[in-house]
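Below is one structure, written out as structure tokens, with a few remarks after it.
There are 2 protein chains.
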Amino acid sequence: MEKMRFDDIDVRILGLLQDNGRMTNVELAERVGLTAPPCLRRVRALELQGAINGYHAALDPGALGYNLTVFAMVSLKSQAESDLRAFEALVATIPEVRECHMLNGEIDFILKIVAPDLQSFQQILTTKLTTAPNVEHVKTSLTIRTSKALPGVPVPEM
Amino acid sequence: MEKMRFDDIDVRILGLLQDNGRMTNVELAERVGLTAPPCLRRVRALELQGAINGYHAALDPGALGYNLTVFAMVSLKSQAESDLRAFEALVATIPEVRECHMLNGEIDFILKIVAPDLQSFQQILTTKLTTAPNVEHVKTSLTIRTSKALPGVPVPEM
DNA sequence: GTTGAAATTTACCCCAT
DNA sequence: ATGGGGTAAATTTCAAC
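Sequence order for the protein chains is G and C.
Position 76 (the first sequence) corresponds to 76 in full-length UniProt numbering; numbering is contiguous.
Position 8 (the second sequence) corresponds to 8 in full-length UniProt numbering; numbering is contiguous.
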């Protein structure tokens, strides 16, 4: 993977596709001031470089029955690298865990977990997380409501 | 907005588009066992109903210079609804705050914040968050690494 | 850029209920 | 009559040259 160096047009392409991942290449090209073919070449290059990792529809979680979002703050007994990796490997196998971030400070990991309801969540928590080896403490907080959920990162408007 | 009732085909469409938001409608139609036109009608209906909220390219944050992800746990002095709304309105104006979830328990909000570096983050934190009215306490944790970051929710395979 | 191939979109028809 | 799927044709987009 090569070093990524982007000019202004690349940045605008990234911003536009983050905002609307289904924008047609023709519209994208117009917006950034190119004709379609070079614009598409840039998009493909950005994908190959890994600047664009994929495209995803943003679903309403409730539409698929996931009415509960929970944040779990996990502390481990051992923070040896192999133990950290083992925990990450564990959460990778739990589909309801959508995100796993390793943090500094007393809390080792924060997980974002979705579940249909409180019962399902408690089931996942007690059978898969709190009983896992090396897990010292799990503190969970239910999401009451989400007021902001933007994708990715801010993009400079130009 | 009407009540959402989905059959198996709708669920499969949602799952496939969450996984690949740029899948062509003809491929999508093949995968779910329809021809293109009725498939597209279903997609448009799902968009209108709000089951699909949008499509986004997943960018590598580092590509745009955002090398730091931070979680901020915020406690307010007053949890009156108007004060909660006021805080949500404040964070809505800060582009680096990508997510804002209201939680139960002592922590009122968890924010996901991105920044180019620690200096920029401290600047945002001290000028926009900790000094805001009604903010009692902000505890921040830096992300060391992110081992899992899946979009949306699990989708039943069929 | 240009052009052939492919995808999208609209309109219309059919079938089932 | 209504709703969902299929067929066909026009337009747009894609991708190779």
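Note that CB positions come from ideal geometry on N, CA and C, so glycine has one too.
Legend entry - Closer than 9 Å at the beta carbon, the chain G residues around valine 97 of chain C: Walking along the second sequence from the start, residue 97 of chain C turns up at place 97. Those are Lys148, Leu150, listed as they occur along chain G.
Inset, instruction - Output, in chain order, the set of chain G residues within a Cβ distance shorter than 8 Å of asparagine 104 of chain C. - result: Stepping through the second sequence from its first residue, residue 104 of chain C is reached at position 104. Ordered by position in chain G, the residues that pass the 8 Å Cβ test against asparagine 104 of chain C are Ser141, Leu142, Ile144.
Inset, instruction - Mind checking which residues open and close the beta strand (DSSP E) that includes leucine 111 of chain G? - result: Translated into the one-based positions of the first sequence, residue 111 of chain G becomes position 111. For leucine 111 of chain G, the enclosing beta strand (DSSP E) starts and ends at 109 to 115.
Legend entry - methionine 158 of chain C at chain G interface by Cβ criterion, 9 Å: Taking the first residue of the second sequence as position 1, residue 158 of chain C is located at position 158. Not one beta carbon of chain G lies nearer than 9 Å to the beta carbon of methionine 158 of chain C.
Inset, instruction - Give the residues of chain C in contact with proline 154 of chain G, contact being defined as C-beta atoms less than 9 Å apart. - result: Counted from its first residue, the first sequence places residue 154 of chain G at position 154. Leu64, Tyr66, Pro95, Glu96, Arg98, Val114, listed in chain order.
Inset, instruction - Could you tell me whether any Cβ in chain C is nearer than 9 Å to the Cβ of proline 61 of chain G? - result: As a position in the first sequence, residue 61 of chain G is number 61, starting the count at 1. The beta carbon of proline 61 of chain G sits closer than 9 Å to some beta carbon of chain C.
Legend entry - Proximity winner among G:Pro116, G:Ala115, G:Ile13, relative to alanine 36 of chain G (alpha-carbon distances): Indexing the first sequence from 1 puts residue 36 of chain G at position 36. Taking only the C-alpha atoms, the option nearest alanine 36 of chain G is G:Ile13.
Legend entry - Ordered list of beta strand (DSSP E) runs contained in the stretch 17 to 86 of chain C, each at least 3 residues: Runs of the beta strand (DSSP E) inside the stretch 17 to 86 of chain C: 52 to 59, 68 to 76.
Legend entry - Exposure of glutamine 18 of chain G, with buried meaning 16 or more beta-carbon neighbours within 10 Å: Here residue 18 of chain G refers to the residue found at position 18 when the first sequence is read from its first residue. By the neighbour-count definition (other C-beta atoms within 10 Å, threshold 16), glutamine 18 of chain G is a buried residue.
Inset, instruction - Mind checking which residues open and close the alpha helix (DSSP H) that includes leucine 150 of chain G? - result: The count along the first sequence starts at 1 and reaches residue 150 of chain G at position 150. According to the DSSP assignment, leucine 150 of chain G belongs to no alpha helix (DSSP H), since it is labelled neither H nor E.
Inset, instruction - Classify alanine 82 of chain C as buried or exposed, calling it buried when 16 or more other Cβ atoms lie within 10 Å of its own Cβ. - result: The count along the second sequence starts at 1 and reaches residue 82 of chain C at position 82. For the record, residue 82 of chain C in the displayed sequence is serine; it is not alanine. By the 10 Å Cβ count, serine 82 of chain C comes out exposed.
Inset, instruction - Kindly indicate the opening and closing residues of the alpha helix (DSSP H) around leucine 103 of chain C. - result: The residue you call residue 103 of chain C lines up with position 103 of the second sequence. Boundaries around leucine 103 of chain C are those of the beta strand (DSSP E), 97 to 103, since no alpha helix (DSSP H) includes it.
Legend entry - Selection from G:Ala51, G:Asn20, G:Val70, G:Gly50 that minimises the alpha carbon distance to alanine 115 of chain G: Residue mapping note: residue 115 of chain G aligns to position 115 of the first sequence, counting from 1. With distances taken between Cα atoms, alanine 115 of chain G lies closest to G:Val70.
Legend entry - Beta-carbon proximity of aspartate 107 of chain C to serine 78 of chain C, cut-off 9 Å: Numbered from 1 along the second sequence, position 107 holds the residue referred to as residue 107 of chain C. Numbered from 1 along the second sequence, position 78 holds the residue referred to as residue 78 of chain C. Correcting the residue type first, residue 107 of chain C is isoleucine in the shown sequence and not aspartate. Not closer than 9 Å, so no.
Legend entry - Beta-carbon neighbours of glycine 33 of chain C, restricted to chain G and to distances below 9 Å: In the second sequence, residue 33 of chain C corresponds to position 33, counting from 1. Going along chain G, no residue has its Cβ under 9 Å from glycine 33 of chain C, so there is no contact; the nearest lies around 19 Å.
Inset, instruction - Using DSSP bridges, identify the partner residues of threonine 140 of chain C. - result: Here residue 140 of chain C refers to the residue found at position 140 of the second sequence. C:Ala72, per the DSSP bridge assignment.
Legend entry - Neighbourhood of asparagine 134 of chain G by C-beta, 8 Å cutoff - its chain only, sequence neighbours within 5 removed: Position 134 of the first sequence, counted from the first residue, corresponds to residue 134 of chain G. Only Leu76, Lys77, Ser78, Asp83, Ala86, Phe87 meet the Cβ criterion.
Legend entry - Short Cβ contact (9 Å threshold) for alanine 29 of chain G with cysteine 39 of chain G: Along the first sequence, one-based indexing puts residue 29 of chain G at 29. Along the first sequence, one-based indexing puts residue 39 of chain G at 39. Yes, Cβ-Cβ distance for alanine 29 of chain G and cysteine 39 of chain G is below 9 Å.
Legend entry - Boundaries of the alpha helix (DSSP H) in which glycine 124 of chain C is found, first to last residue: What you label residue 124 of chain C is simply residue 124 of the second sequence in a count that begins at 1. Note on identity: in this sequence residue 124 of chain C is isoleucine, with glycine being the wrong assignment. Boundaries of the alpha helix (DSSP H) harbouring isoleucine 124 of chain C: 118 to 124, taken from the DSSP string.
Inset, instruction - Starting from the beta carbon of glutamine 18 of chain C, find every residue of chain G whose beta carbon is closer than 7 Å, and list them in chain order. - result: On the second sequence, position 18 is the one that residue 18 of chain C refers to. Contacts between glutamine 18 of chain C and chain G, judged by CB atoms closer than 7 Å, involve His56, Ala57, Leu59 in chain order.
Inset, instruction - Check each candidate in C:Leu150, C:Glu136, C:Val11 and name the one with the smallest Cα separation from glutamate 157 of chain C. - result: Walking along the second sequence from the start, residue 157 of chain C turns up at place 157. Selection C:Leu150, C:Glu136, C:Val11 evaluated against glutamate 157 of chain C yields C:Val11 as nearest (Cα-Cα).
Inset, instruction - Report whether the distance from the Cβ of proline 38 of chain C to the nearest heavy atom of the ligand FMN is below 8 Å. - result: Looking at this structure, you won't find the ligand FMN or any other ligand, since it has none at all.
Legend entry - Cβ neighbours of threonine 143 of chain C in the same chain (closer than 8 Å, five flanking residues each side left out): For the purposes of this step, residue 143 of chain C is taken as residue 143 along the second sequence, with counting starting at 1. Cβ within range, chain order: Leu68, Thr69, Val70, Phe71.
Inset, instruction - Please look up how many angstroms separate the CB atoms of proline 154 of chain G and proline 95 of chain C, rounded, as I've assumed it's under 8 Å. - result: Sequence index remark: in the first sequence, residue 154 of chain G carries index 154 (1-based). Sequence index remark: in the second sequence, residue 95 of chain C carries index 95 (1-based). That pair is a contact at about 4 Å.
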